Every structure is written in C-alpha cells, then in structure tokens.
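For reference, the structure discussed in these notes is given below.
Written out as structure tokens, the structure is:
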C-alpha cells in the first residue's frame, strides 16, 4: 500500500495500515503541507502584502509552515481524542493524530489554487479584500476552477477525517460524525461566552 496515493480512494483501509505499521509516518511532511496554507491564509487575512514583499511572504510561509502545521494538527488531534472519549472512543493520541494529519493531504489542492492565483494576480491575491476588487466578468472560468478546487479539498478532507476516526475509534459513521460535531459546538459556545464576557466588560467601562 502506498498511502500518498491510496488515502484518496481507500481512506479507511489506508489509515488502518498506517496505524498498524507507524502512525507517525508522514506526520512532519503533512504538517508542512497544511501549515503552508495556514500561513498564506493568515497573510491574506491581515493583508501582510501591504507590509512585506511577495517573496518574503512566500519564503516565510515555506519556513513557518511546519510550525503552524504541527501546532494545528496536534491541537486538533487532542481535542478530537478527548471528545471521542466522551462518546466511548479509546483510540491512542498518535492514532487520532495520524487521522488528522492524513485528512489534510487534500489541501495540496489548495496549494495549487494559491499557485494559480498568485501566478495570475501576483501581490493582489494576498490582500484581504481579494477577489472583491477584481472584475469577475473577465475571470469567471478561473474563479470557477478555484471554487471547485477548494470544495473538492474540503469535502475530501472531511471524508478522510470521518472514515479515519471510524477506523481508529471503532465508531459507526454517525458516531464518527458526532466526534467531529462535538468540538465544533464546543468552540461555538466558547466563542459566544467569550464574546459575551468581552461585551459585558466594554459596557461596564
């Protein structure tokens, strides 16, 4: 079995083989791949291109990507493992981390999308208001490709994640889905509470 190929078509069987042999296989490379997209998205969110040249942002994304990816995947794995235990899961941390790491392989599609956007729009692609400032009439085909690529990456990542959690946690598909939904709900509730506390302090001052 070749996981870099088989995870796309046989996610559950691939995860089964990975955790049986070495659940840490590919972890750093996958973290780097995922981290690059995090770094680029962060740069776009805050329009860092207004402060730094394009080459610096690209180089920074390549260098810092591994750190962003390692932290993000590790934290996500801890949360999913803990929430999984609440509903009867007993997978070791490394196995859950393996699932999270490999579920992010489809973000390779997003990297290709970034390459396409930067190749066409250069620095403009890294401003926070992009693509609002672009005349879509002349770029309809390009944006359809971008949207399709992003949707495929998101859907396939979700499929790998839920199938992988089913395998390592011994869950049904519905319980695997619940393992993902619980932390999402928890984050939403926590965000509402934090926003409420901040608003309360602001109104009191």
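In our numbering, the protein residues as written are 0 to 204.
Each residue gets a CB set at the ideal place from its N, CA and C atoms; glycine is no exception.
Being a predicted model, the structure only gives us computed values, none of them experimental.
Buried or exposed for residue 27, going by 16 or more other Cβ atoms inside 10 Å?
Position 28 of the chain shown, counted from the start, is the residue given in the question as residue 27. Exposed, because fewer than 16 other Cβ atoms sit within 10 Å of the Cβ of residue 27.
Assign residue 60 to one of two classes, buried (16 or more other C-beta atoms within 10 Å of its C-beta) or exposed (fewer than that).
In the chain shown, the residue the question calls residue 60 occupies position 61. Per the 10 Å Cβ criterion, buried.
Looking at the unbroken alpha helix (DSSP H) that takes in residue 27, where does it start and where does it end?
By 1-based counting over the chain shown, the position of residue 27 is 28. 26 to 44 is the extent of the alpha helix (DSSP H) around residue 27.
Where does residue 73 fall in DSSP's three states?
Numbered from its first residue, the chain shown carries residue 73 at position 74. DSSP places residue 73 in helix when its eight states are reduced to three.
Reduced DSSP category for residue 146 - H, G, I as helix; E, B as strand; rest coil
Residue 146 sits at position 147 when you count from the first residue of the chain shown. Three-state DSSP puts residue 146 in a helix.
Start and end residues, alpha helix (DSSP H) containing residue 94:
On the chain shown, position 95 is the one that residue 94 refers to. Residue 94 -> alpha helix (DSSP H) spans 92 to 102.
Pull up the CB-CB distance for residue 79 and residue 164, whole angstroms please, since I reckon it's below 8 Å.
The residue labelled residue 79 in the question sits at position 80 within the chain shown. The residue labelled residue 164 in the question sits at position 165 within the chain shown. That pair is a contact at about 7 Å.
Tell me which residues share the same chain as residue 136 and place their Cβ nearer than 6 Å to its Cβ, disregarding the 5 neighbours each side in the sequence.
Taking the first residue of the chain shown as position 1, residue 136 is located at position 137. The pLDDT assigned to residue 136 is 49, lower than 50, so where the model puts this residue is not dependable; a value taken from the coordinates is nonetheless given after this. Cβ within range, chain order: n/a, list empty.
Run through DSSP, which three-state label would residue 59 get?
What you label residue 59 is simply residue 60 of the chain shown in a count that begins at 1. The answer is helix: DSSP assigns residue 59 an H, G or I state.
Would you mind stating whether residue 102 and residue 23 have Cβ atoms separated by less than 8 Å?
Position 103 of the chain shown, counting from 1, holds the residue named residue 102. Position 24 of the chain shown, counting from 1, holds the residue named residue 23. Not a contact, by the Cβ cut-off of 8 Å.
On the three-state DSSP scale, how would you describe residue 88?
Position 89 of the chain shown, counting from 1, holds the residue named residue 88. If DSSP states are grouped into helix, strand and coil, residue 88 belongs with coil.
Quick check: what's the CA-CA separation for residue 20 versus residue 200?
On the chain shown, residue 20 is found 21 positions in, with the first residue counted as 1. On the chain shown, residue 200 is found 201 positions in, with the first residue counted as 1. C-alpha separation (whole angstroms): 52 Å.
Residue from 87, 37 and 124 whose Cα sits closest to the Cα of residue 70:
Position 71 of the chain shown, counted from the first residue, corresponds to residue 70. Comparing Cα positions, the closest option is 37.
Roughly how many angstroms lie between the CA atoms of residue 58 and residue 64, to the nearest whole one?
If you number the chain shown from 1, residue 58 lands on position 59. If you number the chain shown from 1, residue 64 lands on position 65. The alpha-carbon atoms of residue 58 and residue 64 are separated by roughly 10 Å.
Below 7 Å, is the gap between the Cβ of residue 42 and the nearest heavy atom of the ligand ADP?
With respect to the ligand ADP, the structure shown offers nothing to examine, as it has no ligands at all.
Please specify which runs of the alpha helix (DSSP H), each continuous and at least 4 residues long, are wholly inside the stretch 104 to 128, giving them in chain order.
106 to 120
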